[in-house]
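K.L.:
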Amino acid sequence: MEEERSKKKADSETSKASELEKYWQVVKDNPSDFGGWTYLLHYVEQENNIEAARKAFNTFFKHYPYCYGYWKKFADMEKNLNNFEAAEKEFQDEDIFEEGTTAIPLSVDLWIHYITFYKSQQGESDDAYEKVKALFKRALAAAGREFRSDRLWDLYVSWEEENKKLKEVTAAYDELLTIPTQLYSHHFEKFRKHVKKNHPREILSTDEFLELRQNVVNTLKHDAVLGEDDDDDKLPDKNSDSPPPGMDLDDAPPGLEPDGTTIEKDMMSSEELELMKKKIIEKRKMLHEKNEIEVGKRWSFEEAIKRPYFHVKTLERAQLKNWKDYLDYEIENGTHDSTVILFERCMIACALYEDMWLKYAKYMEEQQPEATSEVYERACKIHLPRKPNIHFSWASFEEKRGNVEKAAQIFEELGENINDMLEITTRKINLERRRGNKEKVEEMYMKCIAESKTSQMSSHFATKYARYLYKVRHDFKKATEILKNALKNDPTNPNILLQLIDVGYQQDPMDQSAILEAFEMALSSDMNNDQKLQFAQRKLEFLEDFSSDPQSIQSAFEEYAKMSKSLYTTRKRPVEDSEESKEKKAKVEVNGSAVATTAAATAAVPADASYQYSHSAWANYAQNSYNYQQAWTPYAATNYYSSH
Numbered sequence: 074m075e076e077e078r079s080k081k082k083a084d085s086e087t088s089k090a091s092e093l094e095k096y097w098q099v100v101k102d103n104p105s106d107f108g109g110w111t112y113l114l115h116y117v118e119q120e121n122n123i124e125a126a127r128k129a130f131n132t133f134f135k136h137y138p139y140c141y142g143y144w145k146k147f148a149d150m151e152k153n154l155n156n157f158e159a160a161e162k163e164f165q166d167e168d169i170f171e172e173g174t175t176a177i178p179l180s181v182d183l184w185i186h187y188i189t190f191y192k193s194q195q196g197e198s199d200d201a202y203e204k205v206k207a208l209f210k211r212a213l214a215a216a217g218r219e220f221r222s223d224r225l226w227d228l229y230v231s232w233e234e235e236n237k238k239l240k241e242v243t244a245a246y247d248e249l250l251t252i253p254t255q256l257y258s259h260h261f262e263k264f265r266k267h268v269k270k271n272h273p274r275e276i277l278s279t280d281e282f283l284e285l286r287q288n289v290v291n292t293l294k295h296d297a298v299l300g301e302d303d304d305d306d307k308l309p310d311k312n313s314d315s316p317p318p319g320m321d322l323d324d325a326p327p328g329l330e331p332d333g334t335t336i337e338k339d340m341m342s343s344e345e346l347e348l349m350k351k352k353i354i355e356k357r358k359m360l361h362e363k364n365e366i367e368v369g370k371r372w373s374f375e376e377a378i379k380r381p382y383f384h385v386k387t388l389e390r391a392q393l394k395n396w397k398d399y400l401d402y403e404i405e406n407g408t409h410d411s412t413v414i415l416f417e418r419c420m421i422a423c424a425l426y427e428d429m430w431l432k433y434a435k436y437m438e439e440q441q442p443e444a445t446s447e448v449y450e451r452a453c454k455i456h457l458p459r460k461p462n463i464h465f466s467w468a469s470f471e472e473k474r475g476n477v478e479k480a481a482q483i484f485e486e487l488g489e490n491i492n493d494m495l496e497i498t499t500r501k502i503n504l505e506r507r508r509g510n511k512e513k514v515e516e517m518y519m520k521c522i523a524e525s526k527t528s529q530m531s532s533h534f535a536t537k538y539a540r541y542l543y544k545v546r547h548d549f550k551k552a553t554e555i556l557k558n559a560l561k562n563d564p565t566n567p568n569i570l571l572q573l574i575d576v577g578y579q580q581d582p583m584d585q586s587a588i589l590e591a592f593e594m595a596l597s598s599d600m601n602n603d604q605k606l607q608f609a610q611r612k613l614e615f616l617e618d619f620s621s622d623p624q625s626i627q628s629a630f631e632e633y634a635k636m637s638k639s640l641y642t643t644r645k646r647p648v649e650d651s652e653e654s655k656e657k658k659a660k661v662e663v664n665g666s667a668v669a670t671t672a673a674a675t676a677a678v679p680a681d682a683s684y685q686y687s688h689s690a691w692a693n694y695a696q697n698s699y700n701y702q703q704a705w706t707p708y709a710a711t712n713y714y715s716s717h
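So the number in the working numbering is just where the residue sits in the sequence shown, counting from 1, plus 73.
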């Protein structure tokens, strides 16, 4: 029986391990599959396997650190499994709450969850107040200026009141009443109640209390002097039983007051007390009114934010536009700190939008360049590992700052995430060119040519390499060699032949024989007739512009004219032979029309014509310099110098 139970247990564990591995395989194959992650996390939660949960959650947070709900679930799992130390302090160098609040410092919910848990762990220890206070201060410094941070502030104020720290409550309100938050009016009302139910000496710092009291005393004394002017004719009644001025019948000598007598009763009148409270509120009301104006300016933007949390689902266009407009407003009108906070809020909701990260990075580059790399790093390494534009921008930023090695590393990591992207390879090569690493440039080009999967891609790199060789290195011989080798594998590629022609043009003096050789290679290749005709036109143009041999020009003209006529005839015949053309022609003959109905042919230049032409045939020829990269336009055989 014992063996059977052991076998069943082993089989069950094996089955669970196999099932867990299946969930893992999904996210290993595609780390950006958010749905796959949720299934994995749900599975480890159900199994109550804390080791499996730690591995799953920690790996998940490397890809999606803005998911507050999963941080809370992870912490709750540790707590429920009686692993209190792991949930609060370091566990295998990882602290759940610390990791979470570092990943999402603006998460009010996560801070509240952390503080609540921490308070329960501290209990009645001697230094509990100091420790919890320190955590509150960290939370408020990180998230206290967030527009929707009201719950965190309320929790802190209530906690200070519970601990009878009324001066700390006032200090908290002094800061809070200057911060634009959603419940700004609620906080001011709570502050008014705080002042009215407590004595000023208990809620104000010593300096402010004494200063304010002196101000109140002076005010009352001034009012009393004004009142005495009206009673100067009144003399005191000697027979009156009234006590001396300033004393009540119940007064005792100072220092001998009955037990329980408060200093306030002895030293402050109710009039002084009320006036002091009034002045405390009036002073803060000025802050509140100023803050109210700032809240009003932002209210429409805040009201339009429907999804302030992270989600992989696409945001509506209206939401994205609102974030952009809000950021533009804050950049223009807010402080640097308020703008950064708003950007960080935006990045939580728009973490998967490349243009938002680019906007943030651009702002930081202008305002705080030393912090820009951190923004790029979060975007590229966590949220957008497969988005090229943000990586290109980061590499450019680092290169401008002189961190060329860092820029090269960025390209390498991007290449690992996106295989066979042409622009990544090109940028890597050009980075090496800019820093003068000639050997590395040539090595990378040769590797690209050799490892290209298609002849077209190999030709692409060959033409770029050749252009680098003859334009930058002025190595015309090697450039020609590279192009001719490429032509062996891709003999009908016009770009290679155009590069060969340009190699001859770029030399000083110009290598006419190399240029003519390239033209002959093009005209004798298996390219289609349209492409050959274009090369024939270019050849004619080249000889006309640079040759001193009239016979070679005439021969080129005859060759071009013959090709043009042949191509025109080939295209015209199917139209003439069509049934529709025959019907039209027959109909005209029956009616006795003298007008030909077939399309008028463009006069073709006979192959044996002499090399002569009228100026009218050249009317459309634009005198542009030779540029092999420009596109050729359609032309008739009688006007072979097309504008280009």
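Cβ atoms here follow ideal geometry from the backbone N, Cα and C, with glycine treated the same way. Here the structure is a predicted model, which is why all the values come from computation and not from measurement.
(1) Grouping DSSP H, G and I as helix and E and B as strand, with all else coil, what is Leu425?
(2) Give a yes or no on whether the C-beta atoms belonging to Met594 and Leu570 are separated by under 8 Å.
(3) Using the Cβ count rule (16 or more neighbours within 10 Å means buried), how would you classify Ser222?
(4) Buried or exposed for Gly509, please, with buried defined as at least 16 other CB atoms from any protein chain shown within 10 angstroms of its CB.
(5) By how many angstroms is the C-alpha of Asp493 removed from the C-alpha of Glu248?
(6) Hey, Ala587 and Leu613: beta-carbon distance below 8 Å or not?
(7) Where do the ends of the alpha helix (DSSP H) carrying Val448 lie?
(8) Taking the C-alpha atoms as reference points, what is the distance between Gln119 and Gly142?
(9) Are the beta-carbon atoms of Gln572 and Arg540 separated by less than 8 Å?
(10) Against chain C, with Cβ distances strictly below 8 Å, would Glu344 count as a contact?
(11) Rank Ile252, Phe130, His272, Glu262 by C-alpha distance to the C-alpha of Lys237 and give the top, closest one.
(12) With a threshold of 8 Å on Cβ separation, who are the neighbours of Lys240 within its own chain once the five nearest residues in sequence on each side are excluded?
(13) Our contact map puts Thr254 next to Phe282 with C-beta atoms below 8 Å; I'd like the distance itself, whole angstroms only.
(14) Mind reading off the beta-carbon distance from Ile522 to Ser528? Whole number of angstroms is fine, and I expect it under 8 Å.
(15) Measuring straight from C-alpha to C-alpha, what distance separates Glu367 and Val181?
(16) Would you mind sorting Val545 into buried or exposed? The rule is 16 or more other CB atoms within 10 Å of its CB.
(17) Note down the Cα distance separating Leu360 from Cys423, rounded to an integer number of angstroms.
(18) Between Tyr394 and Glu427, how many whole angstroms is the CB-CB distance? I'm expecting something under 8 Å.
(19) Roughly how many angstroms lie between the CA atoms of Asn406 and Pro442, to the nearest whole one?
(20) Considering only their Cβ atoms, is the gap separating Ile483 from Ile491 smaller than 8 Å?
(21) Would you tell me roughly how many angstroms separate the C-alpha atoms of Asn503 and Leu183, rounded to the nearest one?
(22) Could you give the first and the last residue of the continuous alpha helix (DSSP H) run that contains Met530?
(23) What first and last residue would you give for the alpha helix (DSSP H) that runs through Thr408?
(24) Should Trp232 be labelled buried (16 or more other beta-carbon atoms within 10 Å of its own) or exposed?
(25) With DSSP run on the structure shown, which of helix, strand or coil describes Ala589?
(26) Please go through the same chain and pick out, in chain order, the residues whose beta-carbon is closer than 6 Å to the beta-carbon of Leu154, but skip the five residues on each side of it.
(27) List the endpoints of the continuous alpha helix (DSSP H) containing His272.
P.N.:
Quick answer:
(1) Position 352 of the sequence shown, counted from the start, is the residue given in the question as residue 425. Coil.
(2) On the sequence shown, position 521 is the one that residue 594 refers to. On the sequence shown, position 497 is the one that residue 570 refers to. It is a contact, given that the beta carbons lie within the stated cut-off.
(3) Taking the sequence shown and counting its residues from 1, the one referred to as residue 222 is at position 149. Ser222 should be labelled buried.
(4) Reading the sequence shown from its first residue, position 436 is the one you call residue 509. Result: exposed.
(5) As a position in the sequence shown, residue 248 is number 175, starting the count at 1. As a position in the sequence shown, residue 493 is number 420, starting the count at 1. The straight-line gap from Cα to Cα measures roughly 54 Å.
(6) Counted from its first residue, the sequence shown places residue 587 at position 514. Counted from its first residue, the sequence shown places residue 613 at position 540. Not closer than 8 Å, so no.
(7) As a position in the sequence shown, residue 448 is number 375, starting the count at 1. Val448 -> alpha helix (DSSP H) spans 445-451.
(8) Numbered from 1 along the sequence shown, position 46 holds the residue referred to as residue 119. Numbered from 1 along the sequence shown, position 69 holds the residue referred to as residue 142. Rounded to whole angstroms, Gln119 to Gly142 spans 16 Å at the Cα level.
(9) As a working mapping, residue 572 is identified with position 499 in the sequence shown. As a working mapping, residue 540 is identified with position 467 in the sequence shown. Contact flag set, yes.
(10) Of the protein chains in this structure there is only one, and it is not chain C.
(11) To locate residue 237, count along the sequence shown from 1; it is residue 164. Of the candidates Ile252, Phe130, His272, Glu262, the one whose C-alpha sits nearest the C-alpha of Lys237 is His272.
(12) The sequence position of residue 240 within the sequence shown is 167, counting from 1. Cβ within range, chain order: Glu275, Ile276, Leu277, Ser278.
(13) Working through the sequence shown from its first residue, we reach residue 254 at position 181. Working through the sequence shown from its first residue, we reach residue 282 at position 209. Between Phe282 and Thr254 the Cβ distance is about 28 Å, and since that is not below 8 Å, they are no contact.
(14) If you number the sequence shown from 1, residue 522 lands on position 449. If you number the sequence shown from 1, residue 528 lands on position 455. Not really, about 11 Å apart at Cβ, beyond 8 Å.
(15) Within the sequence shown, numbered from 1, the residue matching residue 367 stands at position 294. Within the sequence shown, numbered from 1, the residue matching residue 181 stands at position 108. Distance between the alpha carbons of Glu367 and Val181 is about 21 Å.
(16) Reading the sequence shown from its first residue, position 472 is the one you call residue 545. Exposed: under 16 other Cβ atoms inside 10 Å.
(17) For the purposes of this step, residue 360 is taken as the residue at position 287 of the sequence shown. For the purposes of this step, residue 423 is taken as the residue at position 350 of the sequence shown. Approximately 33 Å between the Cα atoms of the pair.
(18) Here residue 394 refers to the residue found at position 321 when the sequence shown is read from its first residue. Here residue 427 refers to the residue found at position 354 when the sequence shown is read from its first residue. Residue 394 is actually Lys in this sequence, not Tyr. Wrong, their Cβ atoms sit about 16 Å apart, outside the cutoff.
(19) Here residue 406 refers to the residue found at position 333 when the sequence shown is read from its first residue. Here residue 442 refers to the residue found at position 369 when the sequence shown is read from its first residue. Straight-line Cα distance between these residues: approximately 20 Å.
(20) Locating residue 491 in the sequence shown gives position 418, counting from the first residue. Locating residue 483 in the sequence shown gives position 410, counting from the first residue. Cβ atoms of Ile491 and Ile483: not closer than 8 Å.
(21) One-based indexing of the sequence shown puts residue 503 at position 430. One-based indexing of the sequence shown puts residue 183 at position 110. Their backbone Cα atoms lie some 46 Å apart in a straight line.
(22) By 1-based counting over the sequence shown, the position of residue 530 is 457. Element bounds for Met530: 528-544.
(23) As a position in the sequence shown, residue 408 is number 335, starting the count at 1. Element bounds for Thr408: n/a, residue is neither H nor E.
(24) Translated into the one-based positions of the sequence shown, residue 232 becomes position 159. When all chains shown are included, Trp232 counts as buried.
(25) As a position in the sequence shown, residue 589 is number 516, starting the count at 1. Checking the sequence, you will find Leu at residue 589 rather than Ala. Correct three-state label for Leu589: helix.
(26) Here residue 154 refers to the residue found at position 81 of the sequence shown. Result list for Leu154: Ile123, in chain order.
(27) Here residue 272 is taken as the residue at index 199 of the sequence shown, counted from 1. It is not in any alpha helix (DSSP H) - His272 carries neither H nor E in the DSSP assignment.
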